[in-house]
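The sequence shown runs 575 to 844 under the working numbering.
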Amino acid sequence: MRLLVCPPRYFRVDYVINPWMTEQIGRVDGELARKQWGELMESLSREASLLEIEPSACSPDMCFTANAGLAASDRVVPARFRMPERSREEGFFERWFVRSGFEVFRLPGDEAFEGEGDALFQPGDGLLWAGHGERSRHATHDELGRIFDVEVVSLGLVDSRFYHLDTCLAPLPGGRLIYYPGAFDEASKHAIESRIAPERRLAVEEDDAVGFACNLLRLGDRIFLNRASPKLRRALARWGFETFERPVGEFLKAGGGVKCLSMMLDQPET
């Protein structure tokens with residue numbers, strides 16, 4: 575498994591583009607952020623191959639590489655950011671994909687698509703959960719299905735705290751997932767519940783959701799996340815997963831958790 579990561583050398587909060595950033599301008603402890611990132615990467619490096627992209631001083635959110643694009647089978651769809659504050663990242667990431675040998679597919683038109691932040695494969699199921707609302711647009715979903723040859727299930731996000739799909743839903747192997755129902759419109763909750771059997775889906779409570787528990791990274795049978803309640807940890811253990819808390823509180827000030835800090839370059843089949 576390969577993960578794309580970016581050191582938070584220039585990470586800071588310079589602007590407000592989601593509710594988590596409100597009143598956080600200038601309040602990031604850079605030294606602590608780098609420590610938290612380093613400890614997370616040390617854990618991930620035992621389970622996956624970490625590939626680094628050089629950060630840019632003009633792109634403080636570039637460390638959130640999950641938003642760089644969506645990749646599978648050496649194909650990648652690079653992001654087109656909705657917010658101008660992040661659009662400067664696009665060229666850096668696309669050039670990295672080209673240099674790294676990926677076949678690059680650019681979405682037609684000018685609709686926003688923010689990578690893995692709003693598009694998550696269900697392991698082994700030929701299905702892509704795709705979010706739309708605050709950032710990515712519904713109009714991009716059909717093309718994603720064509721490029722990756724998967725069924726796309728579109729999910730509407732309605733709570734601005736959960737502005738990306740990966741902040742409120744995490745697909746897991748065995749046809750399982752965890753999600754925060756309050757982040758979705760009624761049709762999307764029905765779409766999830768009609769495809770995932772009750773015993774294979776877990777609705778997290780709001781306290782876990784705002785602690786970015788759904789913004790997890792699963793590598794094998796290990797799950798890495800910012801924080802999880804004992805109840806959630808027990809539920810994941812019953813499914814055979816070992817949960818590791820890796821606090822990333824400085825990054826939460828910008829609205830990003832553990833999953834936001836990496837992009838999966840390979841998609842696990844199980």
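The beta-carbon is built from N, C-alpha and C at its ideal position, and this holds for glycine as well.
This one's a predicted model, so the numbers in the text were calculated from it and none came from an experiment.
Under 8 Å between C-beta atoms of residue i and residue j
i, j, result
"Ala693", "Leu718", "yes"
"Leu739", "Leu746", "no"
"Leu835", "Thr596", "no"
"Gly600", "Val587", "yes"
"Lys827", "Trp594", "yes"
"Phe667", "Gly691", "no"
"Asp795", "Phe818", "no"
"Glu708", "Tyr737", "yes"
"Leu793", "Glu621", "yes"
"Asp648", "Phe679", "no"
"Ala783", "Cys742", "yes"
"Cys632", "Arg583", "no"
"Val822", "Leu791", "no"
"Val602", "Glu760", "no"
"Gly705", "Leu731", "yes"
"Pro697", "Pro629", "no"
"Asp699", "Gly749", "yes"
"Phe585", "Pro634", "yes"
"Asp733", "Gly756", "yes"
Bridge-paired residues (DSSP) for residue i
i, result
"Pro652", "Gly643"
"Gln696", "Leu701"
"Gly604", "DSSP, once it has assigned bridges, lists no residue as partnering Gly604."
"Phe818", "Phe798"
"Phe687", "Arg654"
"Tyr753", "Leu743 and Ala777"
"Val678", "Val650"
Spatial neighbours of residue i in its chain, beta-carbon cut-off 8 Å, leaving aside the 5 residues before and after
i, result
"Gly683", "Ala713"
"Ala787", "Ile752, Val778, Leu799, Asn800, Arg801, Ala802, Ser803 and Leu806"
"Asp840", "Met575, Arg576, Ala645 and Ala646"
"Glu664", "Pro652, Ala653, Arg654 and Phe655"
"Arg820", "Gln610, Glu613, Leu614, Ser617, Phe798, Leu799, Asn800 and Val832"
"Arg769", "Leu701 and Val727"
Residue range of the unbroken beta strand (DSSP E) whose run includes residue i
i, result
"Leu625", "Ser623 to Glu626"
"Leu578", "Arg576 to Val579"
"Leu776", "Arg775 to Ala777"
"Leu793", "Leu791 to Leu793"
Close Cβ partners of residue i (< 6 Å) along its chain, the five nearest in sequence each way excluded
i, result
"Val727", "Trp703 and Ala765"
"Glu626", "Val579"
"Glu685", "Arg711, Ala713 and Thr714"
"Asn641", "Ala653, Glu688, Gly689 and Gly691"
"Arg735", "Pro593"
"Arg775", "Leu751"
"Met837", "Leu578, Thr639, Ala640, Ala642 and Glu690"
"Pro842", "Pro697"
"Ser674", "none"
Opening and closing residue of the alpha helix (DSSP H) in which residue i lies
i, result
"Ala744", "Ala744 -> not in any alpha helix (DSSP H); beta strand (DSSP E) instead, spanning Leu743 to Leu746."
"Arg583", "No alpha helix (DSSP H) contains Arg583, which DSSP labels as neither H nor E."
"Glu663", "Glu663 to Arg673"
"Lys833", "Run containing Lys833: none; DSSP gives neither H nor E here."
"Ile766", "Glu760 to Arg769"
"Arg620", "That residue, Arg620, is in no alpha helix (DSSP H); it is neither H nor E in DSSP."
"Glu846", "Since the first residue shown for the chain is 575 and the last is 844, residue 846 is missing from the structure and cannot be characterised."
"Pro804", "Pro804 to Arg812"
Cut-off 7 Å between Cβ atoms - residues of its own chain near residue i, not counting five sequence neighbours on either side
i, result
"Leu624", "Leu577, Val579, Met615 and Leu618"
"Glu659", "Tyr589 and Ile591"
Practice task
Report the residue ranges of all alpha helix (DSSP H) runs contained in full by the region 705-740; include only those spanning at least 4 residues, in chain order.
Solution key: Residue ranges of uninterrupted alpha helix (DSSP H) with 4 or more members, entirely inside the region 705-740 and ordered along the chain, are 715-722.
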